[in-house]
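Going down the list, the sequences are from chains A and B.
Be aware that the first sequence starts at 1, since it is given in the numbering used here, and climbs by one per residue.
Be aware that the second sequence starts at 1, since it is given in the numbering used here, and climbs by one per residue.
Where a beta carbon is used, it is the ideal one built from N, C-alpha and C, also for glycine.
Following: one structure in structure tokens, then a few remarks.
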Amino acid sequence: MEQFLQQLINGLSLGSTYALIALGYTMVYGIIKLINFAHCDIYMIGAYVGFYCLTLLNLGFVPSLLIAMAICTALGVAIEKIAYKPLRNSPRIAVLITAIGVSLFLEYGMVALVGAGVQSYPEMTGFIATKINLGDITISMMQVVIVGVSVLLMILLQFIVKKTKMGKAMRAVSLDADAARLMGINVDATISFTFMLGSAFAGAAGVMVGMLYKSIRPLMGYLPGIKAFVAAVFGGIGSIPGAMIGGYFIGLVEVMVSGYVNSLYKDAVVFAILILILIIKPTGLMGRAEREKV
Amino acid sequence: MAAKAGKFFTNHPAVRKLIILIAIFVLVQVLIWTDIISAYLQVTLMTICINIILAVSLNLITGFTGQFSLGHAGFMSIGAYACALITMRMPTILGFLLGILAAIILSGIVGMVVGLPTLRLRGDYLAIATLGFSEIIRIIFVNLEITNGAAGLSNIPQFVNWPWIFFFTAGTVLLINNFLKSTHGRACISIREDEIASETMGVAATRYKVTAFIVGSCFAGMAGALYASYFYVIKPDYFGFLKSIDILIIVVFGGLGSISGSILAAVVLAVISTLLQSFADIRMVLYALLLIIIMIFRPQGLMGSKEITMDLFRKFSKGLSLNKKKERV
């Protein structure tokens, strides 16, 4: 029982980061139907920005997190403007290849800058390094902070999407971009805003994963990126609550499989879930089924 | 009479194709003998040929049938391991051919298992499902004992040389080209154009999609077998997501739905990659930049869906002779 609870807590903190990354995938897919392969590298850049804020600038957790989010936001918008916008009317596969190009560019640009090796995050001190012991279960304050920050960001996102004018525009564009344009919505600005939100969340996830697992490297984004994408598909791609549920589900499954079965198979199980979902219910948990028009 | 027969032979398209193929083969063989194509360039040559097989077979699935697959490297790895395991136990030419045959059959069977449930899915969902399958295949290879885990297999007997690889590459291109010109190929193309419309016209869409997928996977498996037998070391990591992307890049860069485009792109990308070798540190960065720039300025790829054909050359030469006539006037 203790082991189960311990795994549950580990799974929740891992799932939070997956959920944050998955939100970016799902929002971008919802709005321009693009699997944004560069998204997982924005997450990696976030981790590096956080690393340099903590080590070179000696900043605390909160300022580092905010700076990483800000830089990732700028990066996300820049990528959208430079690489994706000229291809708005091209075949979708061309945009996809461009996204892969951007992803490779970020990864190997980072390898050229800092080397392909692993860098380790500094040990945290003070409040965030404390541990809570409940019987045999250890909860580090880091895990509490990760879950807390993630939930806070998700509530903020729900507020933006449901209550603000920009959120309404986002929902309108993802439903029908042409009709939204006819209604006077600035579609390009809305798409940029979506990229901003997604990238900021990925940046936050990057810093928090760096703190949790201590080691970062330029190619760290690939596997969490794919798993977050699986989470987005599981929840129903294009659906924001779906991505959150999917993220936590994938995090929990991964931790449980490595705790109870064999850690070598944790990735395979995640992909098996993906395929089962796609075969049984391709639209995911919360996705809308689209009627085919002739 | 003899002249007439001779003319028939040289005008017959199949004969002409054969003459061109033999010419290419002999030319390259002579270059290898005279050492103009050095041992280092031979590696590039083999890579180009293997990439041509992979790209043409993925083009059949993605470019002609319109089914977006991100897991081609998975089928390649099945072929590579099948051939490696057989030739390591039976290091003869017969073993090598058996290995190739096993590679084709095994990857075809896996292609069917993967294709039957997933080809009901459309567009991006299919891409994600094939990506998931190829990752699962990779993880299985990492964890199996017979495949020696993450370290992979080494000391695989080397059988592949220029004649073999030329035989298989030319065979692949010819077979897929002929498949596309058959009833089945036209059915596949009609599915790409409009699946609902072609179903209305009586094309069994799912059956043709699965057929194209299986044929594509068979050739990918063959390419994997050739890879294993030439480079004599294989690791599961080599056949990951990045390899699938590499193949897809060749196909899209050459033009979806153009066989000659895929061949051209395989050659051009290999040349670019070789030229970038001198910038080893930032090679991948430049490669990525080039990819983005090409996609922004030519999203339909080098050839679009056009083909380089003999007619094109004839038109070209006719155009030249017309120009000469004009000059005379």
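*Note down, in chain order, each residue of its chain lying with its Cβ closer than 7 Å to the Cβ of TYR265(A), except the 5 sequence neighbours on either side.*
Answer for TYR265(A): VAL257, listed in chain order.
*Are TYR48(A) and MET124(A) touching if we call contact CB-CB under 8 Å?*
no
*Per DSSP, LEU154(B) is paired with what?*
According to the sequence as given, residue 154(B) is Ser; it is not Leu. Its beta-bridge partners are VAL233(B).
_At the level of alpha carbons, what is the spacing between ALA228(B) and ILE250(B)?_
21 Å
*asked:* I'd like to know if TYR341(B) contacts chain A, where contact means its C-beta is closer than 8 Å to some C-beta of that chain.
replied: Residue 341(B) is absent from the model: chain B starts at 1 and stops at 329.
*Could you tell me which residues DSSP puts in a beta bridge with SER57(B)?*
Answer is none; SER57(B) lacks a bridge partner.
*Taking a Cβ distance cut-off of 9 Å, strictly less, list which residues of the region 107–122 of chain A are near chain B, in chain order.*
GLU107, TYR108, GLY109, VAL111 and ALA112
*Unbroken alpha helix (DSSP H) runs of length 4 or more, entirely within the region 57–118 of chain A: which are they?*
61–79 and 92–114
*Ignoring anything shorter than 4 residues or poking outside the region 120–187 of chain A, list the alpha helix (DSSP H) runs there in chain order.*
Positions of the alpha helix (DSSP H) runs, each at least 4 residues long and wholly inside the region 120–187 of chain A, are given as 141–163, 165–175 and 177–182 in order along the chain.
*Would you say ASN143(B) reaches chain A, if we count a Cβ-Cβ gap shorter than 8 Å as a contact?*
yes
*asked:* Below 8 Å on the Cβ atoms is my contact criterion, and I expect VAL161(A) with MET170(A) to pass it. Report the Cβ-Cβ distance as a whole number of Å.
replied: 6 Å
*Does the distance from the CB of GLY46(A) to the CB of VAL261(A) come in under 8 Å?*
no
*What first and last residue would you give for the alpha helix (DSSP H) that runs through ASN10(A)?*
Unbroken alpha helix (DSSP H) run through ASN10(A): 2–32.
*Give the secondary structure of ILE226(A) by DSSP, where H, G and I count as helix, E and B as strand, and everything else as coil.*
helix
*With DSSP run on the structure shown, which of helix, strand or coil describes ILE36(B)?*
coil
_Sequence-distant residues of the same chain with beta carbon closer than 7 Å to VAL267(B), five excluded per side_ = Result list for VAL267(B): ILE48, in chain order.
*C-alpha distance - LEU54(A) paired with LYS131(A), whole-angstrom precision*: 21 Å
*So, does the CB of ALA129(B) fall closer than 8 Å to a CB anywhere in chain A?*
For ALA129(B), the answer is yes, since a Cβ of chain A falls inside 8 Å of its Cβ.
_Going by beta-carbon coordinates alone, are PHE253(B) and ALA265(B) separated by less than 8 Å?_
yes
*asked:* Please tell me whether ASP237(B) has its Cβ less than 8 Å away from any Cβ of chain A.
replied: It does not; no Cβ of chain A falls within 8 Å.
*Closer than 7 Å by C-beta to ILE50(B): which residues in its own chain qualify, once you throw out the five before and the five after it? Chain order, please.*
Once the five neighbours on either side are set aside, the close Cβ partners of ILE50(B) are ALA223, LEU226 and TYR227.
*Does the region 83–92 of chain A come close enough to the region 212–226 of chain A that 3 or more CB-CB pairs lie under 8 Å?*
no
*Grouping DSSP H, G and I as helix and E and B as strand, with all else coil, what is GLY215(A)?*
Correcting the residue identity first, residue 215(A) is Ser in this sequence and not Gly. SER215(A) falls in the strand class under three-state DSSP.
*asked:* Do ALA272(A) and ALA22(A) count as a contact pair if the criterion is CB distance below 8 Å?
replied: no
*Under 9 Å between beta-carbons, which chain B residues line up against LEU87(A)? List them in chain order, please.*
Contact annotation for LEU87(A) against chain B: MET295, ILE296 and PRO299 [CB-CB distance below 9 Å, chain order].
*From LEU98(B) to PHE239(B), what distance separates their C-alpha atoms?*
22 Å
*asked:* For ASN155(B), count the other beta carbons within 10 Å of its own beta carbon; 16 or more makes it buried, fewer makes it exposed. Which is it?
replied: exposed
*asked:* I need the DSSP call for SER263(A), collapsed to helix, strand or coil.
replied: helix
*Alpha carbon to alpha carbon, how far is SER199(A) from LEU119(B)? Give it in angstroms, no decimals.*
32 Å
*What separation, rounded to the nearest whole angstrom, lies between the Cα atoms of PHE141(B) and ALA180(A)?*
48 Å
*Would PRO91(A) count as contacting chain B if we go by Cβ distances under 8 Å?*
PRO91(A) counts as touching chain B.
*For LEU75(A), which residues in chain B fall below 7 Å Cβ to Cβ?*
Going along chain B, no residue has its Cβ under 7 Å from LEU75(A), so there is no contact; the nearest lies around 15 Å.
*Which value, in whole angstroms, describes the spacing of the CA atoms of VAL28(A) and VAL151(A)?*
Counting only the Cα atoms, VAL151(A) lies some 20 Å from VAL28(A).
*Beta-carbon neighbours of GLY132(B), restricted to chain A and to distances below 7 Å*: Within chain A, the residues PHE271, LEU274 and ILE275 have their CB atoms less than 7 Å from the CB of GLY132(B), given in chain order.
*If the cut is a Cβ gap below 8 Å, which residues of chain A does ASP281(B) touch?*
ALA112
_Just to confirm before moving on: does the CB-CB distance between TYR25(A) and ALA204(A) stay below 8 Å?_
no
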